[in-house]
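Numbering (my numbering), first residue to last: 15 to 387. Each remark here refers to the structure printed beneath this line.
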């Protein structure tokens, strides 16, 4: 007998509280909530008012793209005239103020790539660790620390100033312990400290190699010899090797060559002999300028060949390899190559060029090979 009585009392109390809450609303608030509900009524223009289910019972407007004037960030924007008409002034001192526009919605937007990360909530950003991970493209979180606990992969720490590549030289439980320590590094500074502490078990690369691959296509106009111009676009890859034979590709960035001068750099094997910073015209992109010196192609009389940033906004080079990536990636390329020459001052870097449909033009005797276009 007691159990049914308790249930009845609970139902009675909840009904009373609901009615009290409903009666406590002012007439203006009731009208505002009804307007929010009816905003989702597709039959409103026909005079029909069905019962519409909402999550907040009209407390919030749950229908969007209804108004010609909408709030985007901190401005009022007219979607018809495509103009900003006013600025939003929020009362930060009123704790009961209604949230405006997308303020509440920003927390309920799922990651469009959520299905690729089933172990994480679709509402998580950078794996809930913004100190370690970044997401500049909005596609997926990117780690600033790369270390395989088994000791077989590359560990890389990247910042605007520090570009270091190491390999864990121990395996088993020691490798697992080091991997666990590195995985907890939340900042570049912590990762650098990690490198210093474990310097005895981190190997520095002993070799580096680069390759430029891609495809050349016909370009408008002809060169000074009347030959059709070609423009090569592809990828510059950088790999490092260690004394035990382990190697890994650490960088892959977009690059081009030609169509100016005597066309794209000819296919073949070259060597990078050094690197220097420069502000030379044609070799600065997004504020980053440097040039990597390549050996000449004697059989085709091509010289002054370089690897450098492709100048913004111009596109193409006079036979050099032009990098088309952003400023941070350019700094990383420069930093890795500088590290190699600092750690291995007497060792050149092999550079292989393999471009499909490359005309492999020569430079006629007496012809001038421009550098840095």
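Just so you know, even glycine gets a beta-carbon here, dropped at the ideal spot from N, CA and C.
Cβ-Cβ distance between residue 366 and residue 225 below 7 Å: Yes, they are a contact pair.
Own chain residues within Cβ distance below 7 Å of residue 362, not counting five before or after: A distance below 7 Å between beta-carbons, with the five flanking residues on each side excluded, links residue 362 to the following residues of its chain, in chain order: 285, 286 and 287.
Residue 290 classed as buried or exposed, judged by whether at least 16 other C-beta atoms fall within 10 angstroms: Residue 290 should be labelled exposed.
Residue 84 to residue 100 span [Cα, whole Å]: For residue 84 and residue 100, the distance between alpha carbons rounds to 11 Å.
Span of the beta strand (DSSP E), counted from its first residue to its last, around residue 305: Note, residue 305: beta strand (DSSP E), 302–308.
Continuous alpha helix (DSSP H) stretch holding residue 261: start and end: Careful: residue 261 lies outside any alpha helix (DSSP H), inside the beta strand (DSSP E) at 261–271.
C-alpha distance - residue 74 paired with residue 45, whole-angstrom precision: Annotation: residue 74 to residue 45 spans about 12 Å, alpha carbon to alpha carbon.
Residues bridged to residue 322 (per DSSP): Beta-bridge analysis with DSSP links residue 322 to 336.
Residues near residue 379 in its chain [Cβ-Cβ closer than 8 Å; skip 5 each side]: Annotation for residue 379: 315 place their beta carbon closer than 8 Å to its own, counting only its chain and skipping 5 residues before and after.
Buried versus exposed, by CB contacts within 10 Å (16 or more), residue 8: Because the chain is modelled from 15 through 387, residue 8 falls outside the range shown and cannot be assessed.
Contained beta strand (DSSP E) runs [length at least 3] in the segment 211–248, N- to C-terminal order: Counting whole runs of 3 or more residues, the segment 211–248 contains the beta strand (DSSP E) stretches 221–236.
Element boundaries [beta strand (DSSP E), containing residue 288]: Its beta strand (DSSP E) spans residues 282–291.
Sequence-distant residues of its chain with Cβ nearer than 6 Å to residue 271 (five each side left out): Scanning its chain for C-beta atoms nearer than 6 Å, with the 5 sequence neighbours on each side dropped, one finds around residue 271 the residues 246, 278, 279, 331 and 335, in chain order.
Own chain partners of residue 222 with C-beta closer than 6 Å, once the 5 adjacent residues on each side are dropped: Closer than 6 Å at the Cβ level, and outside the excluded window around residue 222, lie 254, 354 and 363.
Beta strand (DSSP E) runs contained entirely in the segment 341–383, provided each spans 3 or more residues: Runs of the beta strand (DSSP E) inside the segment 341–383: 363–370.
Nearest-angstrom Cα separation, counted from residue 267 out to residue 62: Residue 62 and residue 267: Cα-Cα distance of roughly 60 Å.
Beta-carbon separation (whole angstroms), residue 282 vs residue 369, contact threshold 8 Å: Rounded, the Cβ-Cβ distance is 10 Å, inconsistent with contact.
Short Cβ contact (7 Å threshold) for residue 321 with residue 302: Taking 7 Å as the Cβ cut-off, residue 321 and residue 302 do not qualify as a contacting pair.
Beta-bridge partners of residue 131, as assigned by DSSP: As computed with DSSP, residue 131 is found in no beta bridge at all.
Same chain, Cβ closer than 7 Å to residue 236, neighbours up to 5 away in sequence not counted: Excluding residues within five positions, the ones whose Cβ falls inside 7 Å are 242 and 243.
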